[in-house]
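Engineer:
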Amino acid sequence: MNKARVKSMKKFWLVLSLAMFCLIVGSLWEFSLNDWSADKKIFLFQERLKFEEKRLDEQLRKLDHEAERKKPEWKGKQSVLVGFKGSKLVYWSNERVGSPRLYEILSAGSDFVKINNLYFDVRKHAVGDTVYYALLFIKEDYPYSSNYVKSHFNPSLGENLDDASKVIIRETWEKGGQLVYNRDGRPLFKIESQVERGDVVPTYFLLIPYIMFLLLLFYAYEISLDRARSFRMQLFHVFGFFFLIVLLRSLMVDYKVPQVLYSLPIFTTSQIGGRLIVSVGDLFVTMFCLAHYFFITFNKLKIKYDEPRLVRYKYIFLVGFVIGVFFYTNLLHFSINALIESTQVSLNIARLINVDFSSIVAFITLIIAGMGFIVLINSSVRYFQNLFSISQAFLGVTGVLVFCAALCYFFNFSLSPLECLFPLSLYLLFILGVYLMKQDAQKSIFMIALVVVCVYIIFLAKSSEIHREQGVRASFANEIIKERDPIFEHKLLEVNDEIKQSQKADSLVKVGDVDLLSAYISSELLDMTGFYYTCKAIICDPRDSILLTPISEKYGCDEYYDKLIDSLGTRIGYTSFFYIKDFDGVVEYLGRFSFSTPRGGSCVYIRFESKNRHEGIGYAQILSREIGVEKEVRYPYSYAKYKNGILVDSKGDFSYPRNLERFGKIEHARIMNKDGFSHMVIPVENDGVCIVSLGDDVFALYYLNLLYAIFVSGILTSYGMFFRFDGGWGSFRQTSLTLRIKKNIITLIGALFLIMTIMSIIVNAESFERRHSSKVIELSRYITDELEHNDCVDAAKCPQILKKLKDMSEVLWVDINIYNWDGVLVATSRPVIFEKGFDGALLNPKAFEQIVKKEQINFVQDEKIVELTYMAVYMPLVLENGERYVLSIPYFTRGEELNKDILLIVIIAVNIAMIVMVLAFILSSIVAERITKPLQVVNEKLRQMRVGGKNEKIVYHERDEIGMLVKEYNEMVDKLEANVKKLAKSERESAWREMARQIAHEIKNPLTPMKLNLQFMQRTLQKGDMEEVRQRFKDISAVLIEQIDHMASIASAFSDFAKLQEANNEWFDLSELVNGCAKLFHENVDSMECDIEPNVSVYGDRDQVNRVIVNLLKNAEQSIPEGREGHVLVRLKTVLGKIILLVKDNGCGISESIRDRISEPNFTTKSGGTGLGLAMSYKIIEAMGGSITFESVENEGTTFYVVLKQSN
């Protein structure tokens, strides 16, 4: 095992170990946070409570040093400080504790109190004659929950909840719960936690180890593909990792682990219906994993295209890939439809309204899925390029997709047969790009493909969202047609038995006082707070009758109401209440109860009719008990109800005509477009018609989402997340100058435009803020002018002021509060807000400081009541009699108007920014190309520069930095040409010298024995023995002839080497030639294996090719050392238009030190020979346009590869 593999294996196990470490750390951390018993929770709660009490006590002690100052400073959002001198309130840090019984509650000495729906822990401290109470907020507990009213728990005490109703506060004497003590050891209250695992807001830092685990797991997979030794082993890793991902996703979905992940809103289970896709978050994780799986796999997979099995089954390979693309397209199509149909996400990002975090995640998810789709198609086409011609690839892909379209026609797939054209168009695009275009030009193909995928996603999303909107509109229309109030019906279920058993109601029926009976039912038996109904009680004796106008028909009282119930009524549960379905724009309930009277039995009918719910915003919204109804409707619908062709009720932006004639004859439900709105017209029984309308502007900006899609895909591709085809993952840090310029331009433009957009929004928001402030100040002045003429505005002294304030409130659509100069509420247009404890009856401390203490003419600030934020305006109110008060106007309309104005600016600014960013992507590419094109020309010229070749100069006329570079290049070309001439002359002289030296060396070797033999012959002649002379002459002649033949062969070898360019080319059968040469050496080795493909013809010089084959076989034979059984393999094959001749031996191999010199003309490893054999072989094959390569392992053998082009 070499060092590289050892290093790769160590890296793999290190990364895998880190991944498991992150998983274990995340699991243990999460388990430690979830494994809390009730005792541990109470202990933690008490410890935090004591800490907060200690902090309050320290702040109270600081008041001793601040006694000289008139006003103490109090810090703390979760606590309130109030001060009394005697029984007079002299200081408060928060108006929420304002209550007529405040002094009575605090002076009672209890450590735990409830003031205006707020629970407080009380800490007391006296400074001189002033007694201060520090109130530590525990819980905000309202009588009911609605869209705008929600209970809250003090988060600093340990219960990090979304729903505070899960934690119940009890008195110490009540059953249930666990006692909580203060730091003095006294019991405060009992707390009972009904918190389940899913209710606790998790610590999102826990996501970090899990994200690291996923990323490291993919990195380990990448390393495993790199270190795999064979394609088969890579396939094992590919399928193994795929099943691992599927297993992990199955465990995550089935067991909702990790919990911290599944506590995110985007992982809330919906009705998407997939096995691994049950929420927006699950879809994101699945698509992220799939896209990265494709990306890593197809970048790292090493396919051996000359593998006989792959060549044999290449069409199965093509079919498998295309069917995989087909199923992935189905998954993409299903994901888009399921996201929109089964969740509340809105992919209309350009409109911004209804776009939440889930919508953004869903949008990015689909773009990632689309990019994975491009990776899959691009990779498959690149594989096809090595196996098929362009016509074979196109026909094969088309045929398979036509088959898939037929499957869509006959079976229930997400795709329609026509939609199969989408993957076919992308396949055609990539086939043309990969087969016919250069690598640089293929970047344009990727961009075009990205745009095509983005267009497909946006078009499909719009079609699905329009379909969903029509379904939502139909459901909304159905709710309107029903005219029912499930929350009020639940209230009627509760009060039904109370009415029957009420003695007071029975006595009021006997005296016949219907007004008192109605008031008693609505105010005492049935708390009507937040319900917009009028209550009317009707007592019907047997002799009573009703005259109906204008038809002047007379009915018995019981007869009329019984007929109304029988014809139009639907009983509510098992109660005596009935829902009256009349489709007149009014929700009506009628109750029928029997009571005994002095005149006999009487029926009491209790009638509830809905009144106008549009009583304004703000306090009216707080009192409303509607839950979630408006939030479920994600579109700004207008609706109208017609009965007998006359408008009876309408709401929204569209101005409906009084008569139905404008909509034509209505026989069945249909959708029509009129006046810039889409109208769903639905006929209703009893001559009724319901129309629900939606403005065309809702989907007007939908195609602008294409820019957002291109922007997101551009961000992912430009910053290295996908599509690094040139160098894999390692090229991420080695980006080109063009890409760096592009990134810098995009980043700079994006940053500048982001700053400009934010500044524009801030400036416009401040402008709108000032405009609305001026508007509400003017409104406050008008109210002040109206009220200052009154002699009294204190409701305790003049109760009639309440009616006047209410009338003004209904006309002006604002609420009005009046405080005396001591900061105590004396009159309000909405007394129930303060009676129910939604707000305190004290003036805001800051307003008190500015208006009363500093005598400012007005003071404006943002305030919050329950879940609503509003602009509060304070002004002094001075009556004509000199009495001074403070007028407060909570302006809730400002919030909605300001939000609309700001939202409009945001929509315009963001969409302009998106247009600019997309243009920046395009322009940055153009600018980067123009800047770097001269550099690319220089680079190309430098790459083509050859010593001894014709090197062209660059023509560039600009006088800039690139011009200086071009000038240097051109001067270098001149210098190189001069140096080449000198070098050529020097090389020619050197070559002649080397050739002469080699020839002299080769000739000198036989001359030495020839000289010695002739000298020996001379000595023999001197002896005079003729017999010996004749024998010596015969012997010496033989030696001389042998040496002369050797010298002749040397001369022939050098002559042949010099004449290699003079080839006699012709077509000949290479298979026959290789087979013949192999037979010559068959007896010279122990085992020779031949695998020769027949009828392989080649165009070249047959004799020269024969010399190459003989040289290779001779080298193979001579490389086998003595004592080793020799094996030689000769293989001739044609693969992908190339002829490959392989000669493999099991000889001693070639050492690393001499491999680079093996093609030199005078290089040899043998003791004899010229060293020209391999050099001649290299020159012959290169002249034929081929190549010779070799692989060698010392002491194991060498394999030579001769590769020639297969000519037509």
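Quick note on full-length UniProt numbering: the sequence shown kicks off at 1 and runs consecutively. Virtual Cβ for every residue (Gly too), placed ideally from N, Cα, C. What you are looking at is a predicted structure, and each value in this text was computed from that prediction instead of being measured.
Going by CA-CA distance only, name the one from Thr-130, Asn-117, Ile-115 and Ala-134 that's closest to Arg-123.
Structural biologist: Closest by alpha carbon: Ala-134.
Engineer: Alpha carbon to alpha carbon, what distance is there between Phe-593 and Leu-525?
Structural biologist: Approximately 15 Å, taken between the alpha carbons.
Engineer: Within 10 angstroms of the Cβ of Arg-186, are there 16 or more other Cβ atoms? Answer buried if so, exposed if not.
Structural biologist: The residue in question, Arg-186, is exposed, as its Cβ has fewer than 16 Cβ neighbours within 10 Å.
Engineer: Excluding five sequence neighbours on each side, which residues of the same chain lie with their C-beta closer than 7 Å to the C-beta of Met-1184?
Structural biologist: Around Met-1184: Gly-1100 and Leu-1204.
Engineer: Return the bridge partner residues of residue 1230 from the DSSP annotation.
Structural biologist: Residue numbering for the chain in the displayed model covers 1 to 1208; residue 1230 lies beyond these limits and cannot be assessed.
Engineer: Determine whether the beta carbon atoms of Asp-121 and Ile-105 lie at a separation below 7 Å.
Structural biologist: Contact flag unset, no.
Engineer: Compute the Euclidean distance between the alpha carbons of Leu-590 and Tyr-605, then round it to the nearest angstrom.
Structural biologist: So the alpha carbons of these two residues sit roughly 7 Å apart.
Engineer: If you reduce the DSSP assignment to three classes, tell me which class Ile-1180 lands in.
Structural biologist: Helix, per DSSP.
Engineer: Between Gln-392 and the ligand MG, is there a pair consisting of the residue's CB and a ligand heavy atom that are separated by less than 6 Å?
Structural biologist: The ligand content of the structure shown is nil, which means the ligand MG is not present either.
Engineer: Answer yes or no: does any C-beta atom of chain C fall closer than 7 Å to that of Gly-396?
Structural biologist: Any reference to chain C falls outside this structure, which holds one protein chain only.
Engineer: Please report the Cβ distance between Phe-394 and Ile-431, rounded to the nearest whole angstrom; I am assuming they are in contact, meaning their Cβ atoms lie under 8 Å.
Structural biologist: So it is a contact: roughly 6 Å between Cβ atoms.
Engineer: Are the Cβ atoms of Val-1202 and Leu-1141 separated by less than 7 Å?
Structural biologist: Their beta carbons are under 7 Å apart, which means Val-1202 touches Leu-1141 by this criterion.
Engineer: Should Tyr-456 and Phe-422 be called a contact, given that it needs their Cβ atoms to be closer than 7 Å?
Structural biologist: In contact: Tyr-456 and Phe-422 (Cβ atoms closer than 7 Å).
Engineer: I'd like to check one pair, Ile-546 with Tyr-555: are the Cβ atoms closer than 7 Å?
Structural biologist: Contact flag set, yes.
Engineer: Look at the Cβ atom of Val-345, then the Cβ atom of Ser-335, and state whether they are nearer than 7 Å.
Structural biologist: Their beta carbons are not under 7 Å apart, which means Val-345 does not touch Ser-335 by this criterion.
Engineer: For Leu-352, name the three-state secondary structure that DSSP assigns.
Structural biologist: DSSP places Leu-352 in coil when its eight states are reduced to three.
Engineer: By Cβ distance, which residues of its chain are closer than 8 Å to Leu-1132, with the 5 residues on each side in sequence left out?
Structural biologist: Once the five neighbours on either side are set aside, the close Cβ partners of Leu-1132 are Leu-1070, Ser-1071, Val-1074, Asp-1091, Ile-1092, Glu-1093, Val-1096, Ile-1139, Ile-1140, Leu-1141 and Leu-1142.
Engineer: Got a sec, what are the start and stop residues for the beta strand (DSSP E) Arg-670 sits in?
Structural biologist: Taken as a continuous stretch (DSSP letters only), the beta strand (DSSP E) holding Arg-670 covers 670-674.
Engineer: Out of curiosity, what's the CA-to-CA distance linking Tyr-969 and Asn-979?
Structural biologist: So the alpha carbons of these two residues sit roughly 15 Å apart.
Engineer: By Cβ distance, which residues of its chain are closer than 7 Å to Val-587, with the 5 residues on each side in sequence left out?
Structural biologist: Glu-483, Arg-484, Asp-485 and Ser-610.
Engineer: Using 8 Å as the Cβ pair cut-off and three pairs as the minimum, do the segment 905-919 and the segment 703-713 touch?
Structural biologist: Yes, they touch.
Engineer: So the candidates are Leu-428, Ser-379, Asn-348 and Asn-378; which of them puts its Cα closest to the Cα of Gly-399?
Structural biologist: Taking only the C-alpha atoms, the option nearest Gly-399 is Leu-428.
Engineer: Quick check on Tyr-579: buried or exposed, where buried means 16 or more other Cβ atoms within 10 Å of its Cβ?
Structural biologist: By the 10 Å Cβ count, Tyr-579 comes out buried.
Engineer: Can you tell me which of Glu-192, Lys-11, Lys-150 and Arg-1030 puts its alpha carbon nearest to the alpha carbon of Ile-169?
Structural biologist: Nearest option by C-alpha distance: Glu-192.
Engineer: Exposed or buried, which one is Val-6 when buried takes at least 16 other CB atoms within 10 Å?
Structural biologist: Exposed: under 16 other Cβ atoms inside 10 Å.
Engineer: Buried or exposed: which applies to Asn-1123, given that a residue is buried once 16 or more other Cβ atoms fall within 10 Å of its Cβ?
Structural biologist: It should be pointed out that residue 1123 corresponds to Gly in this sequence rather than to Asn. Exposed is the call here.
Engineer: Work out the CA separation of His-125 and Ser-107 for me, nearest whole Å.
Structural biologist: Each residue's Cα considered, the two are about 12 Å apart.
Engineer: Within the segment 474-556, note down every full beta strand (DSSP E) run reaching 3 residues or more, in order along the chain.
Structural biologist: As far as the segment 474-556 is concerned, its whole beta strand (DSSP E) runs of at least 3 residues are 533-540, 545-548 and 553-556.
Engineer: DSSP three-state call for Ala-913: helix, strand or coil?
Structural biologist: DSSP places Ala-913 in helix when its eight states are reduced to three.
Engineer: Please state the DSSP three-state secondary structure of Val-824.
Structural biologist: It is a strand residue.
Engineer: What does the Cβ neighbour count give for Gln-850, buried or exposed, with the cut at 16 atoms within 10 Å?
Structural biologist: Under this definition Gln-850 is a buried residue.
Engineer: Along the beta strand (DSSP E) that carries Thr-130, what are the first and last residues, could you check?
Structural biologist: Taken as a continuous stretch (DSSP letters only), the beta strand (DSSP E) holding Thr-130 covers 130-140.
Engineer: In this structure, how does DSSP classify Arg-183 when only helix, strand and coil are distinguished?
Structural biologist: Three-state result, Arg-183: coil.
Engineer: Under a Cβ-count criterion, where at least 16 other Cβ atoms within 10 Å of its own Cβ denotes burial, should Asp-974 be classed as buried or exposed?
Structural biologist: By the neighbour-count rule (16 or more Cβ atoms within 10 Å), Asp-974 is not buried but exposed.
Engineer: Roughly how far, in whole angstroms, is the beta-carbon of Phe-295 from the beta-carbon of Val-375, given that I think they are within contact range, below 8 Å?
Structural biologist: Yes, Phe-295 and Val-375 are in contact; Cβ-Cβ is about 5 Å, under 8 Å.
Engineer: Take Ser-156 as the anchor and find which of Gly-76, Tyr-782, Ser-145 and Ser-99 has the nearest alpha-carbon.
Structural biologist: Nearest C-alpha to Ser-156: Gly-76.
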